[in-house]
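Written out below as structure tokens is the structure these notes cover.
2 protein chains.
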Amino acid sequence: MDELLIWILPVFGIIGLGYMLYLARWVKAQDAGNDRMKKIAAYVQEGAMAFLKAEYRMLAIFVVIAGAALGWISYAVDTTHWLIIVAFVIGAVFSAIAGNIGMRIATDANVRTAEAARTSLPKALKVSFTGGTVMGLGVAGLAVFGLSIIFAILAASWVTEPSNQFYGQMTMVLETLAGFSLGAESIALFARVGGGIYTKAADVGADLVGKVEAGIPEDDPRNPATIADNVGDNVGDVAGMGADLFGSYVATMLAAMVLGNYAINAYHVNSDADLTAFQGMGPILLPVLIAGLGIIFSIIGTLFIRIKDNSAKERQVQGALNMGNWSAIILTGIASYFVIDWMLPEKLYLTAIEVKLNGIDYSDVGASFTSARVFIAVVIGLVVGGLISFLTEYYTGLGKRPVMNIIKNSSTGAATNIIAGLSTGMMSTFLPIILFALAIWGAYAAAGFYGISLAASAMMATTAMQLAIDAFGPIADNAGGIAEMSELPKEVRERTDILDSVGNTTAAIGKGFAIASAALTALALFAAYVTFTGIDGINIFKAPVLAMLFIGGMIPVVFSAMAMSSVGKAAMAMVKEVRRQFKEIKGIMEGKNEPEYGKCVEISTDAALREMMLPGILTIITPIIVGFLPMLFGYSAKDCAEMLGAYMAGVTVSGVLWAIFQNNAGGAWDNAKKSFEAGVKIDGKMTYKGSDAHKAAVTGDTVGDPFKDTSGPSMNILIKLTCLVGLVVAPLLGEGHSTEEHAEPVIEETEGGENEGEETTSEEGETSSVESEEPTFSWIS
Amino acid sequence: MDELLIWILPVFGIIGLGYMLYLARWVKAQDAGNDRMKKIAAYVQEGAMAFLKAEYRMLAIFVVIAGAALGWISYAVDTTHWLIIVAFVIGAVFSAIAGNIGMRIATDANVRTAEAARTSLPKALKVSFTGGTVMGLGVAGLAVFGLSIIFAILAASWVTEPSNQFYGQMTMVLETLAGFSLGAESIALFARVGGGIYTKAADVGADLVGKVEAGIPEDDPRNPATIADNVGDNVGDVAGMGADLFGSYVATMLAAMVLGNYAINAYHVNSDADLTAFQGMGPILLPVLIAGLGIIFSIIGTLFIRIKDNSAKERQVQGALNMGNWSAIILTGIASYFVIDWMLPEKLYLTAIEVKLNGIDYSDVGASFTSARVFIAVVIGLVVGGLISFLTEYYTGLGKRPVMNIIKNSSTGAATNIIAGLSTGMMSTFLPIILFALAIWGAYAAAGFYGISLAASAMMATTAMQLAIDAFGPIADNAGGIAEMSELPKEVRERTDILDSVGNTTAAIGKGFAIASAALTALALFAAYVTFTGIDGINIFKAPVLAMLFIGGMIPVVFSAMAMSSVGKAAMAMVKEVRRQFKEIKGIMEGKNEPEYGKCVEISTDAALREMMLPGILTIITPIIVGFLPMLFGYSAKDCAEMLGAYMAGVTVSGVLWAIFQNNAGGAWDNAKKSFEAGVKIDGKMTYKGSDAHKAAVTGDTVGDPFKDTSGPSMNILIKLTCLVGLVVAPLLGEGHSTEEHAEPVIEETEGGENEGEETTSEEGETSSVESEEPTFSWIS
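Residue numbers (UniProt numbering), protein chains in the order written: chain A, 1 to 781; chain B, 1 to 781.
Okay, here's the thing in structure tokens:
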């Protein structure tokens with residue numbers, strides 16, 4: 001069995017995709033309602049697809065340029081194979097397909113959810129949640145299938161089982177695989193940032209002219225920007241979030257695999273025995289298997305999510321979702337225990353050089369650790385993921401103290417509302433960062449950086465479930481919009497509102513999850529980067545290194561500024577277009593003439609694609625400048641590797657802080673505003689919609705919109721992509737792996753290598769004993 | 001001469017203080033106007049002194065607690081002498097005296113400026129600027145005198161001239177001196193944070209009820225909070241800023257002295273010759289001499305600041321100030337060249353261990369450097385200080401693009417105004433951070449960390465001038481208030497308005513200077529910390545170290561949140577009191593009855609002192625927890641030193657970013673609002689005060705107030721104090737200096753040591769040759 005595992009892993013992905021297809025067909029088979037509903041749904045779907053098409057066109061250009069750059073890297077570095085370009089393209093295509101699946105199912109499910117809500121709430125939940133599940137399984141299935149099949153093929157071709165070339169050969173496999181991850185994350189950048197700009201431009205534009213100037217309600221079909229607004233929900237909240245988590249999911253697995261390879265190397269250096277089970281690659285396969293099992297448990301979890309009572313309220317719906325989510329998480333945790341026990345050797349080692357690495361003493365954290373301690377790291381990952389989600393809910397939740405405080409401060413005007421929101425967002429960084437620091441510390445103390453990467457992997461394992469819960473919100477939101485635009489009976493909107501309200505909470509939790517996962521992923525990638533470059537560490541007491549830490553810290557702030565002002569510019573363009581249509585197209589307000597929805601969709605699309613260029617370039621180019629510019633001033637490649645590492649750390653630390661700050665401030669403002677709909681008590685007096693305090697809260701919400709839907713979520717991509725770019729250029733920096741030990745072009749030797757490997761598996765064979773004359777040397781990277 | 005220099009340095013301080021006394025008497029001799037003016041001025045002065053008294057009472061308690069803690073440290077660590085407590089108390093007292101001088105002269109000068117403005121603008125400028133100069137000279141004079149006299153006494157008592165014990169003995173002197181700096185910075189914490197809360201609570205409270213609810217103009221004597229508001233200007237802008245720069249000034253000199261000591265050690269390790277000139281302590285005395293010369297050149301610079309034309313406008317006044325400022329800076333730069341040439345050996349060395357320090361290769365940045373390159377570092381410091389001030393002015397200046405953009409965005413409401421302001425603040429981090437990174441890099445490449453500390457010293461040398469320019473603003477602002485309250489003729493207010501307007505620009509520049517100096521100071525302290533602990537570096541690739549980088553990054557964000565919500569709470573209390581007085585005291589609005597000004601002053605005072613506790617504790621306690629808690633989990637002192645170092649770096653990087661972001665956003669909002677007073681063109685239409693756009697801008701300004709006057713400036717103190725606390729506890733961490741080489745209680749040996757020292761100066765003496773059998777060993781810390 002263990003010899004075959006490498007080929008079994010893609011099957012988990014296929015199972016996920018198969019079940020996804022089954023569910024997608026079920027959703028499609030549901031009734032899509034009357035003609036008016038179908039027509040509106042078609043508008044939204046068209047708009048969404050138009051955006052995707054425009055985005056893909058632009059991405060095709062990007063892929064060609066990035067592919068050429070990767071080609072140059074593979075030419076310059078011995079251990080980087082040209083197949084990295086192929087992997088990159090596959091990664092980009094898979095991510096795009098995942099986004100496409102999500103958009104299609106979301107736009108299919110929204111209208112069917114509206115129709116289902118005519119019958120009953122349980123039915124509406126079933127349709128919307130199934131839509132979300134399709135999205136979740138699509139992302140997870142494609143990720144596991146894509147990553148594991150490429151890995152299997154490359155590993156089978158290039159790696160000669162336990163031999164002294166194993167580490168170098170496997171490094172080449174993983175470097176190529178980094179291309180897949182880079183492709184996925186690049187698409188995520190454009191989907192998240194572009195989508196974030198799109199959705200807020202449409203939203204703000206629709207609100208400012210429609211609600212404020214023309215005085216018509218939200219989602220009114222007379223508003224030319226209303227279709228763009230609904231498209232935006234799909235583009236930003238569905239496709240953007242999906243691409244974000246697809247990227248995190250793949251990057252986490254990749255980083256854990258790289259560190260697994262390092263752990264294998266450390267094992268060979270420190271232990272007399274060889275790793276033979278699982279073709280000697282148990283620690284590398286483990287994170288992928290956990291992810292695969294996560295798909296299965298996510299599917300099982302979804303089966304728990306149902307309600308029976310048509311008169312159920314938010315609490316019951318939320319309870320059903322929680323039940324399913326925790327089932328999946330706990331099952332994954334339990335399974336991890338057995339899988340770890342099965343796949344890892346009993347004892348693992350922290351470094352490939354015994355206890356002391358270039359004069360730095362690692363003995364204080366334990367030079368070796370048992371496989372049971374790897375499980376502790378996994379538990380830390382699951383617990384911290386859960387707690388950070390919980391904290392996000394606290395800071396942004398309806399009726400909780402922070403939101404109540406913002407409501408209270410709305411009574412003295414917009415300024416005090418804004419101050420309260422900003423300070424809530426800032427304050428909300430405290431506990432998550434403490435938790436996060438404890439997680440780094442704890443997972444590392446348990447099992448080194450491999451432990452941190454497995455903590456991240458375990459957290460990400462139930463991505464399918466997380467996305468299902470997360471994507472159901474926008475579907476329900478859209479269903480409500482369609483119900484409004486199609487003028488369906490009031491109880492339909494009431495039912496979709498219950499789902500939408502739960503969706504807001506799950507969206508907040510989902511954002512917390514996305515941040516936590518991005519942060520842990522970045523850390524794992526950071527660790528992988530250091531092993532790839534072969535530097536001793538990153539010493540910020542060197543001035544140039546410290547300078548880069550400053551620059552890294554600044555990038556998320558400037559990125560956020562760019563994203564926010566992009567939203568402002570795009571919204572202005574939208575406002576002008578809506579005003580023009582109201583003025584020039586006669587009869588819109590009387591419902592006699594239809595507005596030109598397409599024009600607004602086009603404006604949002606163009607603005608999003610244009611405005612995401614600059615932050616995109618900032619993200620991708622800066623690490624390359626930081627890594628290579630200093631060479632012109634005579635710094636060695638190793639120095640540059642250290643500087644780039646500090647840059648990555650700066651981006652990660654600052655990015656995580658700004659992500660939490662912006663997401664939570666935005667979420668809290670949003671819910672403070674929503675609270676006025678049901679009425680809130682301020683200084684003992686009930687206050688409702690339309691009051692001055694409510695108006696102040698609306699101002700706060702408008703400020704919070706780009707925070708929570710554009711710049712905040714973009715931070716995730718920024719930190720991951722920064723670390724991935726670092727990882728991909730790593731072989732060009734530092735000592736690299738292209739030096740003495742592994743300088744031979746490994747592929748040409750594959751056949752000979754295999755022979756060597758086979759002999760080595762006999763453990764006492766002559767070849768192996770000749771090599772082990774200098775065991776510490778030959779195994780060190 | 002060179003033997004005497006150590007005793008000449010305090011004379012520079014005395015000259016500054018003497019000239020200050022002369023100027024203060026001149027100000028006092030000016031006419032203080034009519035009885036009404038005198039009465040109002042007396043109210044403000046009483047309020048200011050009441051705050052100071054209450055603050056000092058509280059600080060006395062703090063000093064006792066902190067003194068006890070220092071006593072414990074001096075007991076636990078051999079090289080830390082109990083005199084550190086005395087130095088700490090002197091530092092605190094000196095800083096308090098400096099604040100007191102500033103407050104007294106500011107409250108004396110404001111009323112006299114108002115009276116002088118009745119005569120002419122040149123006279124009004126002369127009185128207000130002379131008031132500012134008194135403040136500047138008081139701060140700089142006390143700092144140079146205090147630091148250099150303590151140093152001279154301790155060095156004369158404890159240090160035996162060039163000997164192999166020089167480094168250890170001098171380290172003890174400098175550790176004791178760190179107490180002086182810690183005392184100064186502690187007072188700064190309370191002055192800056194408490195002052196910031198005070199001024200904004202009074203300001204917001206006075207505005208919300210007076211301007212908005214009661215509809216009476218600013219500074220109207222009928223408003224009960226108006227005296228508190230004017231007191232606030234002095235407490236926050238004068239005393240707070242003064243204490244901030246006093247702290248930076250002292251800390252910078254200290255850090256440069258510590259690194260100078262390290263440079264001397266490095267010289268002895270690497271060079272065959274001994275340093276004999278300046279009693280072997282040239283590199284230590286250099287930064288103090290530069291500071292002393294800075295006082296003289298600042299005095300010379302003030303002589304250039306005058307205008308002749310009574311009909312002069314802002315531009316002429318600004319021009320006069322710039323003229324004086326740049327004269328002082330350029331003279332200091334030129335003098336530095338000769339002083340460096342005179343005091344430093346021709347060649348200096350980067351590290352005390354030749355080229356390689358514990359396996360880390362420093363050879364890439366040049367193991368040795370000439371004294372001429374130290375001058376390059378000085379120039380970098382002066383240029384970067386100037387450029388960062390210039391950039392601050394750009395981002396917050398009237399008529400500049402960022403402010404114009406905020407104005408444009410005010411036309412669509414408060415929300416878009418806020419978004420524009422926030423993104424301006426964020427975007428404004430880009431260039432200053434790049435510059436700052438270049439400065440770190442450049443100064444280090446030129447002359448190592450000693451270079452960075454001298455760059456900071458050179459920048460800080462003209463502190464007297466910077467403060468004079470900075471403090472004149474609030475004096476003029478207050479003069480305007482007094483003119484308003486005393487109902488002086490209109491042209492008086494017009495003249496003070498010109499000065500006030502220039503004062504706003506200089507305040508922005510001053511804030512940029514304060515941030516840049518705090519950041520460079522923190523860096524220099526950080527470097528001093530590493531040499532004190534004796535660790536190799538700070539490797540953020542160790543997970544616990546990285547975890548602390550995260551926690552450090554989070555602290556400034558949480559600190560800002562605390563400061564902002566403190567302002568909110570205090571302002572609420574003020575609003576309630578003002579409302580009460582309007583309701584309960586009959587005849588206030590008709591001017592028949594005087595409001596109870598004292599009650600409002602009391603509320604601001606109490607709130608400020610209460611609310612500054614929590615952020616104060618956060619600042620001081622967290623580094624101690626970070627440094628010592630891990631020991632309970634078995635981490636070694638050296639590991640803890642590394643973790644604390646990462647924490648310091650995290651606080652500095654994040655703190656600098658948040659300081660720039662908050663100061664510039666707040667400044668830009670302020671000037672966007674001010675622009676409406678003269679009228680602004682939005683979309684081709686002139687828009688004035690009272691318009692909807694103006695109201696939106698007022699909202700932005702209110703949000704920006706705590707940003708720019710409370711949380712933003714507090715960041716400076718946070719980062720400096722964090723690094724100072726680290727420096728003071730450093731001997732308890734890391735390898736320390738209390739190990740083998742310097743374990744002997746050095747003081748008891750002073751006499752014998754002196755003999756030894758004298759013999760050594762003969763350079764070929766027997767004692768010295770015996771010691772140099774193992775030169776590398778005996779000189780290493």
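Even glycine gets a Cβ: it sits at the ideal position worked out from N, Cα and C.
Quick one: what's got a C-beta closer than 8 Å to residue i's C-beta in the same chain, skipping five residues either side?
i, result
"M715 of chain A", "I515, A518, P556, F559, S560, G655, V656, W658, A659 and Q662"
"L17 of chain B", "L137, G138, G141, L142 and F145"
What residues in its chain sit with their C-beta under 6 Å from that of residue i, if we drop five residues either side in the sequence?
i, result
"E641 of chain A", "Sequence check: residue 641 of chain A is Ala here, not Glu. Only T533, I535, L733 and G734 meet the Cβ criterion."
"A155 of chain A", "V173"
"Y450 of chain A", "L259 and A263"
"residue 789 of chain A", "Not covered by the structure: residue 789 of chain A. The range shown for chain A is 1 to 781."
"F369 of chain B", "L348 and A447"
"V680 of chain A", "I407 and T687"
Only counting the same chain, and skipping five residues up and downstream in sequence, which positions put a Cβ closer than 7 Å to that of residue i?
i, result
"T176 of chain B", "H81, L83, I84, A87 and L154"
"E764 of chain A", "Because E764 of chain A sits at a pLDDT of 39, beneath the cut-off of 50, its placement in the model cannot be relied upon, and the point is left open."
"K400 of chain A", "Y394"
"M613 of chain A", "none"
Quickly, what does DSSP pair residue i with across the bridge? List them, please.
i, result
"T533 of chain A", "Answer is none; T533 of chain A lacks a bridge partner."
"Y349 of chain A", "A:S368"
Residue i versus chain C: which residues are under 8 Å apart at the beta carbon?
i, result
"N265 of chain A", "Included in the structure are the protein chains A and B, with no chain C among them."
(request) Identify each residue in the region 399 to 423 of chain A for which the Cβ-Cβ distance to at least one residue of chain B is less than 8 Å, and report them in chain order. (result) Those would be N409, T412, G413, A414, A415, T416, I418, I419, A420, L422 and S423, in chain order.
(request) Return the residues of the region 652 to 685 of chain A that lie within a Cβ-Cβ distance of less than 8 Å from chain B, sorted by chain order. (result) V653, S654, V656, L657 and F661
(message) Please give me, in chain order, every unbroken run of the alpha helix (DSSP H) with length at least 4 that falls completely inside the region 682 to 711 of chain A.
(response) Within the region 682 to 711 of chain A, the complete alpha helix (DSSP H) runs of at least 4 residues are 692 to 706.
(message) Going residue by residue through the region 188 to 239 of chain B, where are the continuous alpha helix (DSSP H) segments of at least 4 residues, counting only ones entirely within it?
(response) 195 to 205 and 226 to 232
(message) Counting only Cβ-Cβ distances shorter than 8 Å, please list the residues of the region 207 to 218 of chain A near chain B, keeping chain order.
(response) L208
(message) Check whether the region 622 to 634 of chain B and the region 535 to 555 of chain B are in contact - that is, three or more C-beta pairs closer than 8 Å.
(response) yes
(request) Name, going along the chain, the residues of the region 426 to 442 of chain A whose beta-carbon falls closer than 8 Å to a beta-carbon of chain B. (result) M426, M427, T429, F430, I433, I434, F436, A437, L438, I440 and W441
(request) Would you list, in chain order, the members of the region 78 to 109 of chain B that have their beta-carbon closer than 8 Å to a beta-carbon of chain A? (result) none
(request) With a floor of 4 residues, list each alpha helix (DSSP H) that falls wholly inside the region 43 to 70 of chain A, ordered by position along the chain. (result) none
(request) For the region 553 to 576 of chain B, enumerate the residues whose C-beta is nearer than 7 Å to any C-beta of chain A, in chain order. (result) Within the region 553 to 576 of chain B, the residues whose Cβ lies closer than 7 Å to some Cβ of chain A are G553, M554, V557, V558, S560, A561, M564, S565 and G568, listed in chain order.
(message) Count Cβ pairs between the region 280 to 288 of chain B and the region 5 to 25 of chain B that sit closer than 8 Å; are there 3 or more?
(response) yes
(request) Count the C-beta pairs between the region 477 to 489 of chain A and the region 221 to 241 of chain A that are closer than 8 Å, then say yes if the count reaches three, no if not. (result) yes
(request) Please confirm if the region 325 to 345 of chain B is in contact with the region 368 to 383 of chain B, defined as three or more CB-CB distances below 8 Å between the two stretches. (result) yes
(request) Would you be able to state if there are at least three C-beta pairs under 8 Å between the region 124 to 131 of chain A and the region 97 to 114 of chain A? (result) yes
(message) Quick test of the definition: if touching needs 3 or more C-beta pairs under 8 Å, does the region 498 to 509 of chain B touch the region 310 to 328 of chain B?
(response) yes
(request) Spell out a yes or no on whether the region 207 to 219 of chain A and the region 577 to 584 of chain A are touching, meaning 3 or more CB-CB pairs, one atom from each, closer than 8 Å. (result) yes
(request) Report the residues of the region 697 to 715 of chain B with a CB closer than 7 Å to any CB of chain A, ordered along the chain. (result) T699, T702, V703 and P706
(message) Check whether the region 699 to 712 of chain B and the region 662 to 676 of chain B are in contact - that is, three or more C-beta pairs closer than 8 Å.
(response) Under the Cβ criterion (8 Å, minimum of three pairs), the region 699 to 712 of chain B counts as touching the region 662 to 676 of chain B.
(request) Jot down the residue ranges of each uninterrupted alpha helix (DSSP H) in the region 395 to 480 of chain B, minimum 4 residues, whole runs only, in chain order. (result) Qualifying alpha helix (DSSP H) stretches, in chain order: 401 to 410, 414 to 427 and 430 to 461.
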